[in-house]
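Take a look at the structure set out below.
Numbering (the numbering used here), first residue to last: 12 to 92.
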């Protein structure tokens with residue numbers, strides 16, 4: 012069974028890390044239980060597409076809870092995509 016995460020303002024400032032260890036970005040805000048990520052400029056279009064971020068023109072991209080594997084004090088690690 013998938014774990015359910017409660018996303019709060021405590022996540023602001025945490026690194027977002029892909030399953031392979033690459034840094035994706037930084038959580039800049041939380042709105043209505045959704046973390047928004049300032050994406051690393053080096054992200055590939057393929058990864059942006061997998062995250063559903065390819066058609067978003069915002070400065071911060073929404074991170075879906077279903078993509079999260081774990082949350083620690085320092086980072087949010089994503090599931091294998």
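Built from N, CA and C at the ideal position, the CB exists for glycine as well.
Am I right that residue 41 and residue 20 are in contact with their C-beta atoms under 8 angstroms? What's the rounded C-beta distance?
Right, their Cβ atoms sit about 5 angstroms apart.
DSSP-derived helix/strand/coil call for residue 25:
Coil, per DSSP.
Checking 8 angstroms against the spacing of the C-beta atoms, do residue 35 and residue 51 come in under that value?
One thing to note: residue 35 has its Cβ within 8 angstroms of the Cβ of residue 51.
In the DSSP output, which residue or residues are listed as bridge partners for residue 36?
Residue pairing by DSSP places residue 36 opposite 27 and 50 in a beta bridge.
Suppose the cutoff is 6 angstroms on Cβ atoms and the five residues either side in sequence are ignored; what does the same chain contact list for residue 32 look like?
Counting only Cβ-Cβ distances below 6 angstroms, and skipping sequence neighbours, we find nothing.
Starting from the Cα of residue 22, find the closest Cα among 91, 92, 85 and 90 and give me that residue.
With distances taken between Cα atoms, residue 22 lies closest to 85.
Let me know the secondary structure DSSP gives residue 58 once reduced to three states.
Residue 58: helix per DSSP, three-state reduction.
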